[in-house]
């Protein structure tokens with residue numbers, strides 16, 4: 289019993305993973321279906337996804353989910369048979385059903401099983417009402433009695449039988465047989481045998497199916513007999529073998545079949561995900577070439593790997609990078625000692641080889657953690673669709689660069705900030721249809737969510753063609769809320785004024801709604817992005833639109849850094865925040881209103897001493913000066929802010945592995961983490977956002993300049 293319990297837990301775990309993927313896909317496909325109601329492939333894909341969840345939940349005894357998916361499946365089946373048209377109201381109910389499935393799945397994942405608090409009955413009642421009032425029992429009976437078009441029957445048979453034979457997912461093993469319809473021609477005896485799932489169901493349905501099934505090459509009774517035998521053998525296996533088989537077969541995909549193969553069933557290559565005109569396509573990476581298949585099923589090309597294993601592998605790769613840096617440091621010391629020996633030359637070659645291998649291994653491990661940002665973007669078509677209906681606006685969302693890959697940790701952290709920004713674009717940016725029409729715009733507003741690689745960073749943009757940001761209004765609200773005074777407002781540039789929307793409690797909404805208006809969110813957005821080592825910039829033109837530009841590192845584990853020293857301590861600064869480094873004569877440092885500044889080309893830039901910010905011992909360069917001293921200044925950039933950071937020396941660039949400071953030190957202002965240098969010393973990694981915040985608090989040293 290214990291073994292069977294363990295097996296069940298593993299099956300439930302697999303079911304949760306598979307269902308989460310299906311739910312994520314359904315969110316997009318249902319929104320696409322609303323814009324493409326005449327797309328039969330899309331509707332069939334949605335139907336199969338609900339059917340898959342229903343079959344597995346039924347096997348595992350999750351009756352709430354089974355009943356909810358079954359009723360949703362009934363509505364989708366009516367839509368497939370054109371019993372009634374697809375309307376926004378029907379889609380609202382189906383999407384509510386999907387939300388219910390998601391809620392039940394969350395309760396299952398939390399260990400509540402089928403005894404969770406979510407009650408699906410209200411949604412089920414609405415689904416039943418749709419079927420009864422729109423489709424009608426008589427309409428369903430007549431549709432069943434009406435002869436099917438001849439060219440449609442083989443397609444349905446292929447859809448059911450080929451899926452069972454090639455994929456044999458758990459739900460099809462249990463529930464696909466009862467779906468065999470009269471007058472279906474099933475090509476291929478092997479697929480007819482493989483389509484069996486439940487002995488009782490097949491025995492019950494065989495008398496109805498047998499007279500009207502035509503299997504090329506042999507009689508229908510023989511095909512049914514083989515199906516029964518196959519089902520009997522499958523059901524007689526023990527639980528362990530059954531689970532092993534379902535796990536193995538669940539990942540298999542049917543092989544593509546050339547159209548010219550006469551008489552052969554067309555294997556469906558899985559659910560379609562057509563581009564949606566209203567929401568725009570998520571750019572997908574090109575699939576692997578089909579290759580030549582002479583028969584059988586395609587070999588599985590992917591496996592699921594526990595995230596903890598990837599994290600452990602990444603940590604080991606990080607340790608290897610540290611070891612590589614240590615070797616390189618020792619090699620430099622040997623070369624500087626002018627020791628001439630063959631062993632030194634050989635060691636140099638070995639160190640070079642190890643460095644190359646370590647870099648390649650590190651890159652390979654990083655790529656295993658990379659995920660397409662489309663996994664985050666895919667949640668937004670549904671969200672924008674619901675927001676548009678709530679706000680009574682017409683909004684189209686387009687997605688560009690969904691196949692852009694970033695580290696898993698970035699994917700997990702960027703979701704919530706993007707939700708706030710997209711909601712703001714829909715609520716504050718895009719105008720109502722009548723207002724847009726008055727301004728000479730189309731009644732439908734557009735929001736674009738895009739991603740691209742830029743060096744070692746990923747750039748994400750959220751753009752809308754709405755009303756833009758009114759700088760005068762922003763300043764007025766800032767004064768009213770006490771964020772700035774009138775003198776500060778008069779001195780502010782437009783860029784500085786736009787940044788006020790990130791102040792806590794700041795909101796331009798006139799009315800508080802369930803979408804926005806409380807001033808909660810945008811300050812969290814900036815702090816979260818800066819916590820990831822990223823920046824956010826606002827570009828806006830009144831009456832034209834607004835664009836938010838987010839720049840994030842591809843990975844949070846290993847970063848390219850500029851190494852600097854203050855006194856005896858070494859610090860690492862992410863190169864993503866380093867604009868340039870300059871040497872400034874001490875005599876060029878001026879004082880403006882008690883703050884030190886230097887003129888850098890045509891810009892007057894405030895400077896701050898790192899030793900003073902972190903309250904650490906100073907070296908000579910940042911402590912006692914002589915008139916002819918040269919100051920080493922690192923020009924830092926965070927979004928539109930610029931400051932000069934005075935340090936004692938610049939040590940060069942190095943690839944560093946970010947290490948946590950532990951629970952007791954993880955909240956030290958201005959410090960993001962630590963790393964180990966090639967000589968074995970520990971260096972602190974600076975948090976630029978924290979450094980700038982500390983710089984603001986220095987009484988007579990600087991004012992951040994934008």
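Numbering (our numbering), first residue to last: 289 to 994.
Glycine included, each C-beta is placed from N, C-alpha and C at the ideal position.
Residue i and residue j closer than 7 Å at C-beta
i	j	result
residue 854	residue 935	yes
residue 745	residue 660	no
residue 945	residue 606	yes
residue 901	residue 983	yes
residue 817	residue 824	yes
residue 731	residue 682	yes
residue 281	residue 978	In this structure the chain extends from 289 to 994, so residue 281 is not present and cannot be described.
residue 822	residue 839	yes
residue 861	residue 974	yes
residue 692	residue 598	no
residue 617	residue 294	no
residue 786	residue 757	yes
residue 820	residue 899	no
residue 884	residue 892	no
residue 773	residue 792	no
residue 311	residue 414	no
residue 303	residue 344	yes
residue 928	residue 783	yes
Helix, strand or coil at residue i according to DSSP, with G and I counted as helix
i	result
residue 527	With a pLDDT of 48 at residue 527, under the threshold of 50, the modelled position of that residue is not reliable, and the figure given next carries that caveat. Of the three classes helix, strand and coil, the one that applies to residue 527 here is helix, per DSSP.
residue 877	coil
residue 921	strand
residue 625	coil
residue 827	strand
residue 730	coil
residue 317	helix
residue 941	strand
residue 977	helix
residue 354	helix
residue 903	coil
residue 394	helix
residue 962	strand
residue 326	coil
residue 502	Below a pLDDT of 50, predicted positions are generally treated as unreliable, and residue 502, at 46, falls in that range; the measurement from the model is reported next regardless. Residue state, collapsed to three classes: coil.
residue 843	coil
residue 849	strand
residue 776	helix
residue 370	coil
residue 613	helix
residue 957	coil
residue 983	helix
residue 820	coil
residue 786	helix
residue 409	helix
According to DSSP, residues forming a beta bridge with residue i
i	result
residue 738	688 and 749
residue 299	DSSP output for residue 299 lists no bridge partner at all.
residue 717	DSSP lists no partner for residue 717.
residue 660	693
residue 947	962
residue 871	920
residue 400	The partner list for residue 400 (beta bridge, DSSP) is empty, contrary to what the question assumes.
residue 859	852 and 972
Residue i burial status per 10 Å Cβ neighbour count (16 or more: buried)
i	result
residue 770	exposed
residue 651	exposed
residue 324	buried
residue 952	exposed
residue 407	exposed
residue 366	buried
residue 739	buried
residue 488	Note that residue 488 scores a pLDDT of 49, beneath 50, so its modelled location is shaky; the value from the coordinates is reported in the next line. By the neighbour-count rule (16 or more Cβ atoms within 10 Å), residue 488 is not buried but exposed.
residue 602	buried
residue 633	exposed
residue 416	exposed
residue 594	exposed
residue 747	buried
residue 646	buried
Next on the checklist: Using a Cβ distance threshold of 8 Å, determine whether the region 857–874 contacts the region 714–723, with at least three qualifying pairs required.
Outcome noted: Flag = no, the region 857–874 and the region 714–723 do not touch.
Checklist entry - Taking three-plus beta-carbon pairs below 8 Å as touching, is the region 351–366 in contact with the region 380–387? => result Cβ pair count under 8 Å is three or more, so yes.
Next on the checklist: Does the contact criterion of 3 or more C-beta pairs under 8 Å hold for the region 666–674 versus the region 701–711?
Outcome noted: Under the Cβ criterion (8 Å, minimum of three pairs), the region 666–674 counts as touching the region 701–711.
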